[in-house]
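Residue numbers (my numbering), protein chains in the order written: chain A, 1 to 631; chain B, 1001 to 1291.
Every residue gets a Cβ at the ideal spot worked out from N, C-alpha and C, and that includes glycine.
Written out below as C-alpha cells is the structure these notes cover.
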Amino acid sequence: MSELKLNSVIAGKKELEEICNKLISKNKNIKKTVSICCGTGCIANNSLEIVNKLQQLLKSRKIDNAEIKILKSGCPGYCEQGPLVKIMPDDILYTKVTPEDAEEIINETIINNKTVERLLFKENGDKTIQKENDIPFYKKQNRILLGLQSKIDYTSLEDYISINGYQAAAKAFSMKPDNIIGEIVDSGLRGRGGAGFPTGRKWEQVKKQDNTPKYIVCNADEGDPGAFMDRAVLEGNPHLIIEGLIIGGYAMGAEKGYVYVRDEYPLAVKNLKKATDAARKVGLLGKNILGSGFNFDIVLYRGAGAFVCGESSALIKSIMGMAGEPKQKIPRNSVKGLWNKPTNINNVETWANVPNIINYGSSWFAEYGNKSSKGTKIFALVGKINNTGLVEVPMGITLREVINDIGGGIPEGKKFKAVQTGGPSGGCLPDEKLDLPIDFDSLDEAGAIMGSGGMIVMDENTCMVDVAKYFTDFNLNESCGKCTSCREGLSRLSEILERIIGGKGKEDDLLLMEELSEYIISTSLCGLGQTAPNPVLSTLRYFKDEYEAHIKEKRCPAKVCKSLISFRINPDKCIGCGKCAKSCPTNAISGEKKHTHVIDPYKCVKCGRCLLECPGKIQAVEKVDTFAEAK
Amino acid sequence: MSVTKEKNKNGSVVVVGGGIAGVQLSSDLADSGYYVYLVEKTPSIGGIMSQLDKTFPTNDCSMCILAPKLVGVGRNPNIELLTHSEVKEFAGKPGNFKVKVVKHARSVDPDKCTGCGLCTENCPIQYKIQPKEEALQIPEIEDREEIDKIINSYKDLDSPVVQILLDINEKYKYLPEPVLKYISYKMDIPFSEIYRMVTFYKAFSLEPKGKYHFKVCMGTACHVRGAEAVLESIKHGIKDTKKDLFSVETVNCLGVCASGPVIVVNETYYGNMNSKNTAELVKKLIDKENE
Ligand SMILES: Cc1cc2nc3c(=O)[nH]c(=O)nc-3n(C[C@H](O)[C@H](O)[C@H](O)COP(=O)(O)O)c2cc1C
Ligand code: FES
Ligand code: FES
Chain A
1 MSELKLNSVI
11 AGKKELEEIC
21 NKLISKNKNI
31 KKTVSICCGT
41 GCIANNSLEI
51 VNKLQQLLKS
61 RKIDNAEIKI
71 LKSGCPGYCE
81 QGPLVKIMPD
91 DILYTKVTPE
101 DAEEIINETI
111 INNKTVERLL
121 FKENGDKTIQ
131 KENDIPFYKK
141 QNRILLGLQS
151 KIDYTSLEDY
161 ISINGYQAAA
171 KAFSMKPDNI
181 IGEIVDSGLR
191 GRGGAGFPTG
201 RKWEQVKKQD
211 NTPKYIVCNA
221 DEGDPGAFMD
231 RAVLEGNPHL
241 IIEGLIIGGY
251 AMGAEKGYVY
261 VRDEYPLAVK
271 NLKKATDAAR
281 KVGLLGKNIL
291 GSGFNFDIVL
301 YRGAGAFVCG
311 ESSALIKSIM
321 GMAGEPKQKI
331 PRNSVKGLWN
341 KPTNINNVET
351 WANVPNIINY
361 GSSWFAEYGN
371 KSSKGTKIFA
381 LVGKINNTGL
391 VEVPMGITLR
401 EVINDIGGGI
411 PEGKKFKAVQ
421 TGGPSGGCLP
431 DEKLDLPIDF
441 DSLDEAGAIM
451 GSGGMIVMDE
461 NTCMVDVAKY
471 FTDFNLNESC
481 GKCTSCREGL
491 SRLSEILERI
501 IGGKGKEDDL
511 LLMEELSEYI
521 ISTSLCGLGQ
531 TAPNPVLSTL
541 RYFKDEYEAH
551 IKEKRCPAKV
561 CKSLISFRIN
571 PDKCIGCGKC
581 AKSCPTNAIS
591 GEKKHTHVID
601 PYKCVKCGRC
611 LLECPGKIQA
621 VEKVDTFAEA
631 K
Chain B
1001 MSVTKEKNKN
1011 GSVVVVGGGI
1021 AGVQLSSDLA
1031 DSGYYVYLVE
1041 KTPSIGGIMS
1051 QLDKTFPTND
1061 CSMCILAPKL
1071 VGVGRNPNIE
1081 LLTHSEVKEF
1091 AGKPGNFKVK
1101 VVKHARSVDP
1111 DKCTGCGLCT
1121 ENCPIQYKIQ
1131 PKEEALQIPE
1141 IEDREEIDKI
1151 INSYKDLDSP
1161 VVQILLDINE
1171 KYKYLPEPVL
1181 KYISYKMDIP
1191 FSEIYRMVTF
1201 YKAFSLEPKG
1211 KYHFKVCMGT
1221 ACHVRGAEAV
1231 LESIKHGIKD
1241 TKKDLFSVET
1251 VNCLGVCASG
1261 PVIVVNETYY
1271 GNMNSKNTAE
1281 LVKKLIDKEN
1291 E
C-alpha cells in the first residue's frame, strides 16, 4: 500500500477527505482483495500460517502486490467455520481453510477467477453457498459494526481512513459539544456494558461539571466468561474506538482517555497500541487534532485478571493503581471519578457506535431496534449451538430467531433446554420464553438481563443446578470480599448447591436459597453482589423440577452431577474388546477378552473416558442418572 | 483473692489494653454494673484481631465478630474510652486503686471529629516501612537493568505498578519475591501495598510455573461443553510427574469459545478437548520428556 504513506500531521477536515479520496482511487487498482480472519479464534486455528503462505506464493509467482491485496482482518463473527478467507470483489467466502489450501486459492481463484467448491460453506452438508450474505448465519444479521471487519487490515490507519474513518470526528469538531450530546441522546443509544443506561444522559452529567480536568474511560475489561464481542471489535477495528473516544472527549470536555483492557486479550492490546501510535503520528491524537484546537490523548491500561474490575468504581480504583474494590455509588463517577474528577465510563461497543451516529445521524441509528432499545447489538452465541460466533442483530429480534435461524439450532438433534444471557449476573430462560424480543427491558422482566451480550445455549445434557452452581462459584471467586453479604452469602449459597448436587439436599433448601438470595441482592455494595444470585433465582423460577429431582429422587436428569450418576456397561452390547479397561485411569473396569466387562462403581471416578473409548458402532458404555442402578 | 470490705470502695475498674480481650472484658464488666475505664496505647481499640482476615477454627471473618463489639464498647455509657493513652502510675490496693494515665496529644478535637478519614488521605507526610537497600537480596545485575527498563517505560503513567508487575510476570512467568522488594524500594511504594496487588489480581503468580504451563478455560461456554472433565484429566495425568515439569491454571474465557473446551499449553491453543484427547496430549508430553 506504499506510496501514500501517512507520516505527517493531517491538518484538517479537507486534507482528511483528500487522503480518503486518494486512497479510494488507489484501491481501484486492486483487482482482488483477500481478507483472512486473524482474530484470536482463527489464529488458534493457524490462520497466520495461511497469510504467510499466501504472501510467499504471490512473491514466488511474481504477482504484483499492488493488484492483489492480502489483509489480516478482525473477527467477522463466524468463528465456528474459521479460519475464514473472504475474496472481494467476487464475494467468495471460504470456510475452514488450512495453510495447505493456500496454493489452490492462488491458482484457482486469484489467477483463474474460479471458485474452489471444496472450501465453500456447505448448508446441511451438501449444498454449497458462495456469498457471505446468503449463508443462513449472516442472513438475518445487520452488521453495522462487524461488517467493517473484513474490509480493513486490522491495524492499518490507511484502510480505516479509506472507509471514511475519522470523518465523524472531523464533523464533530464543526458541531457544538451540546449538539453532539443532543444527537447521542436522540439516537437512544443505551450502554452496551450491561446496565443499559442511556449514554447521552451520562455524557450530559459529565459535561455539566465545572471541575477539571475530566476523564473518559473505555471499559474493555470484558470479564463475562463466554463472551467475546468486545475482543472482536478491539482487535478488528481499534481506530473505531479511538474515534469514538475523540468525539466523546470533545463533547464532554475531557482531554485524556483511558482504555482499560484485560490482559487475557494480548492481540487486542497489541492492535490498540499500534493504532494509537499510528493515530498519534498523524495528529489524530495529541495536540490540536485536525486543526480544531482540541487536545486529546489515550492511555492504554491493562487489567490483571479480576472480573470485578469491570464494575465502574472498581475499574477507577484499578486505574489509580489500587486493588480494584468497588465503592458505594454516591458520589457518582460523573462527579467524582478518577482522581476525584468527573469521569465517564462506557463500554467498547457503546464507543464503537458513536462515530456512526455522528456520521449518519441519530434518526438513522434509531431506525434499528424497537421502542425501548435502539440500534444493533453484538451477541456472542456460544455453547451447545451449531453456529458458534458473533452475531450482530437489531434490538428487538426474538431469541428464537437468533438461536434457530442464525444459530442453526442445537447440534446432534438434541433438545433445547435454556439460554443464558447476561453472564454471571444474568439468568437462564427456558423454551417458552424464546419469543421474547431481545431488548433491555423485556429481558430484565423475565429475570435475565441483556448484560454485555453473552448468549450461552444449553441443551438437554446440561444440568441447570450445575449451571447455577457454576455461576455462584464464579461470582464467589470474583467477589472482592469487601462486603459481608456478598462474600459470606455467596459462600453459603454455594454450600447449599454443593449439598444438592451431592445428593444430600433437603426439602427446605430451595426456600432457604430464595431467602438468602434476597438478602444478598438487597444488602450488597456493588453490582456484583446485587446480581450474583440471579442465576440461582432464574433457574429456581423456570427449572424447579430439576432441583426437585436432585433433592427428592436423588437423580440428575441431565446426567451431569457426578454423585448422582454412574457408568455401566450394557452386557448385551459389550463385545469385550478391552479398550475401555485399558484406558480407565483407576482400573475400575475388569473383564476377560471377548467377555462382557464390568465397571466397579466404587472405584469409578466418572471421568467418562470409557464412554469415549467404546467404539462408535458398539456404544456399550452407558451413563445412567442414578447412583444405585449400577450396583 | 479476698474482697476487702472497705467503706470507700470504688465502683470502677481500669482495663489496660483495648484488644479483643480488653474489649470483651470491658463490656462484660460494664454489663455487670461497674464503671470501666478502658486504656489503650494506640489511637484506636481493636488490637491485632482487627488486622486478621479469618479466625480459627470456623473461618469466620474476624472483623465481623469484632466490629459489633467495638461499637458496643464505644456506645456503652458505663465505659469511658481512654485511647492514645498510657498508664504511668499505679497506687492503692484492691477496691481502691489510684491510676495515673497520660493522655497523648491527639491534635484533633475528639468531640467534633466524625472519623471521615479525609485528613489522612490529604496528609502530605507518610511513613512507609521500606525494605532497606542493603538488606535486599537484589536480583542479578543484568536483571536489574531490565527491571529498571520496565519501570522506566511506564514513567509517564500516573499509577504504573500493575502494568510493571504484568511485565515482570510475563518475563519470569511469575513474580519472584526479591524482584518485588526491589521494585518496592525503587518506586518507594510500601512492600505491603505491592503484595496486596499481587494477591488481589489473578494474573499474578508467586510460584514459578512448570516447563509446560496449562491454561484451562473454565468460561461458561467451555464449562457447558465439559471443561471440568478436561481439567480433571490433566490433573490426573500429571499426578506423578516432577513438580517443575507441569503447572495448571484455570482462566475464564480466552475468547475462543467456538472451539471450546479450550486449553493453552505455553502458547499453543488446543480446541475441542475432552478427557480422551487431553489424556493423550499429557501422555505425549510426558513421553517426550522421558526420552
Ligand atoms: C461485576 C460487574 C462487572 C462488570 N463488567 C463489565 C465489563 O466487563 N465490561 C463492561 O463494559 N462493563 C462491565 N460492567 C458494567 C460497568 O459497571 C458499567 O456499567 C459500564 O462499563 C458502563 O458502560 P455503558 O454505559 O457503556 O454500558 C460490569 C458491572 C459489574 C457490576
Ligand atoms: S476469530 Fe475468525 S471468525 Fe472469529
Ligand atoms: S468460555 Fe472458554 S474460551 Fe470462552
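Find out if the Cβ-Cβ distance for the pair residue i, residue j is shorter than 8 Å.
{"i": "leucine 1166 of chain B", "j": "aspartate 625 of chain A", "result": "no"}
{"i": "valine 206 of chain A", "j": "serine 334 of chain A", "result": "yes"}
{"i": "aspartate 224 of chain A", "j": "glycine 423 of chain A", "result": "yes"}
{"i": "methionine 458 of chain A", "j": "lysine 433 of chain A", "result": "no"}
{"i": "glycine 632 of chain A", "j": "glycine 389 of chain A", "result": "Residue 632 of chain A falls outside the range modelled here, since chain A spans only 1 to 631, and no answer is possible."}
{"i": "asparagine 370 of chain A", "j": "proline 266 of chain A", "result": "no"}
{"i": "alanine 323 of chain A", "j": "lysine 329 of chain A", "result": "no"}
{"i": "valine 1102 of chain B", "j": "lysine 1093 of chain B", "result": "no"}
{"i": "isoleucine 181 of chain A", "j": "glycine 200 of chain A", "result": "yes"}
{"i": "isoleucine 68 of chain A", "j": "isoleucine 129 of chain A", "result": "no"}
{"i": "threonine 421 of chain A", "j": "alanine 448 of chain A", "result": "yes"}
{"i": "leucine 476 of chain A", "j": "leucine 490 of chain A", "result": "yes"}
{"i": "asparagine 344 of chain A", "j": "valine 217 of chain A", "result": "yes"}
{"i": "alanine 1229 of chain B", "j": "asparagine 1274 of chain B", "result": "yes"}
{"i": "valine 467 of chain A", "j": "proline 535 of chain A", "result": "yes"}
{"i": "alanine 380 of chain A", "j": "cysteine 1257 of chain B", "result": "yes"}
Is there at least one non-hydrogen atom of ligand 1 closer than 7 Å to the beta-carbon of residue i?
{"i": "isoleucine 316 of chain A", "result": "no"}
{"i": "threonine 350 of chain A", "result": "yes"}
{"i": "isoleucine 565 of chain A", "result": "no"}
{"i": "glutamate 311 of chain A", "result": "yes"}
{"i": "aspartate 221 of chain A", "result": "yes"}
{"i": "valine 308 of chain A", "result": "yes"}
Measuring from the CB of residue i, is there a heavy atom of ligand 2 at a distance below 7 Å?
{"i": "threonine 40 of chain A", "result": "yes"}
{"i": "cysteine 640 of chain A", "result": "Nothing about residue 640 of chain A can be read from this structure; chain A reaches only from 1 to 631."}
{"i": "leucine 267 of chain A", "result": "no"}
{"i": "glycine 1271 of chain B", "result": "no"}
{"i": "proline 1261 of chain B", "result": "no"}
{"i": "cysteine 37 of chain A", "result": "yes"}
{"i": "cysteine 428 of chain A", "result": "no"}
{"i": "cysteine 75 of chain A", "result": "yes"}
Would you say the beta carbon of residue i comes nearer than 7 Å to a heavy atom of ligand 3?
{"i": "glycine 1255 of chain B", "result": "yes"}
{"i": "glycine 503 of chain A", "result": "no"}
{"i": "proline 225 of chain A", "result": "yes"}
{"i": "glycine 305 of chain A", "result": "no"}
{"i": "alanine 1221 of chain B", "result": "yes"}
Assuming residue i contacts residue j (C-beta within less than 8 Å), just tell me the rounded distance between them.
{"i": "leucine 144 of chain A", "j": "asparagine 356 of chain A", "result": "Note on identity: in this sequence residue 144 of chain A is isoleucine, with leucine being the wrong assignment. About 6 Å separates the two Cβ atoms, so the contact holds."}
{"i": "leucine 1245 of chain B", "j": "lysine 1211 of chain B", "result": "5 Å"}
{"i": "leucine 290 of chain A", "j": "isoleucine 24 of chain A", "result": "Not really, about 19 Å apart at Cβ, beyond 8 Å."}
{"i": "cysteine 75 of chain A", "j": "glycine 125 of chain A", "result": "Between glycine 125 of chain A and cysteine 75 of chain A the Cβ distance is about 25 Å, and since that is not below 8 Å, they are no contact."}
{"i": "proline 601 of chain A", "j": "serine 566 of chain A", "result": "5 Å"}
{"i": "lysine 1186 of chain B", "j": "isoleucine 1151 of chain B", "result": "6 Å"}
{"i": "phenylalanine 296 of chain A", "j": "glycine 257 of chain A", "result": "7 Å"}
{"i": "glycine 305 of chain A", "j": "lysine 1202 of chain B", "result": "4 Å"}
Query raised in the report: For the 8 Å Cβ check, are there 3 or more pairs between the region 546 to 556 of chain A and the region 475 to 493 of chain A?
Result: The answer is no - the region 475 to 493 of chain A does not touch the region 546 to 556 of chain A, with fewer than three Cβ pairs under 8 Å.
Query raised in the report: Does the count of Cβ pairs from the region 167 to 185 of chain A and the region 441 to 448 of chain A closer than 8 Å reach three?
Result: Two segments are said to touch when three or more pairs of C-beta atoms, one from each, lie closer than 8 Å; by this definition the region 167 to 185 of chain A does not touch the region 441 to 448 of chain A.
Requested in this report: Closer than 8 Å, Cβ to Cβ, to anything on chain A: give me those residues from the region 1042 to 1061 of chain B, in chain order.
Outcome: Of all residues in the region 1042 to 1061 of chain B, Cys1061 have a Cβ within less than 8 Å of some Cβ in chain A.
Report task. Return the residues of the region 1159 to 1189 of chain B that lie within a Cβ-Cβ distance of less than 8 Å from chain A, sorted by chain order. Result -> Within the region 1159 to 1189 of chain B, the residues whose Cβ lies closer than 8 Å to some Cβ of chain A are Ser1159, Pro1160, Val1161, Val1162, Gln1163, Leu1165, Leu1166, listed in chain order.
Report task. Decide yes or no for the touch test of the region 1154 to 1173 of chain B against the region 288 to 306 of chain A: beta carbon pairs closer than 8 Å, at least 3 of them. Result -> These segments touch.
Requested in this report: Tell me, please, whether the region 610 to 626 of chain A touches the region 583 to 601 of chain A by the rule of three or more beta-carbon pairs shorter than 8 Å.
Outcome: Yes, they touch.
Requested in this report: Specify whether the region 82 to 97 of chain A and the region 227 to 244 of chain A touch according to this definition: at least 3 beta carbon pairs, one from each stretch, less than 8 Å apart.
Outcome: No, they do not touch.
Requested in this report: Answer yes if the region 277 to 286 of chain A comes into contact with the region 381 to 395 of chain A, meaning at least three C-beta pairs across the two stretches below 8 Å, and no otherwise.
Outcome: When Cβ pairs closer than 8 Å are counted between the two stretches, the region 381 to 395 of chain A is seen not to touch the region 277 to 286 of chain A, the count staying below three.
Report task. Mind the definition here: the region 1230 to 1241 of chain B touches the region 208 to 219 of chain A only if three or more C-beta pairs lie below 8 Å; say whether that holds. Result -> Contact fails: fewer than three Cβ-Cβ distances are below 8 Å.
Query - Contacting positions in the region 442 to 460 of chain A - beta carbon closer than 9 Å to chain B - result: Listed by position, the residues of the region 442 to 460 of chain A near chain B (Cβ gap below 9 Å) are Gly454, Ile456, Val457, Met458, Asp459.
Report task. Evaluate the contact criterion for the region 1209 to 1225 of chain B versus the region 1175 to 1184 of chain B: three or more CB pairs, one atom per stretch, below 8 Å. Result -> In this structure the region 1209 to 1225 of chain B does not lie against the region 1175 to 1184 of chain B, because fewer than three pairs of beta carbons, one per stretch, are closer than 8 Å.
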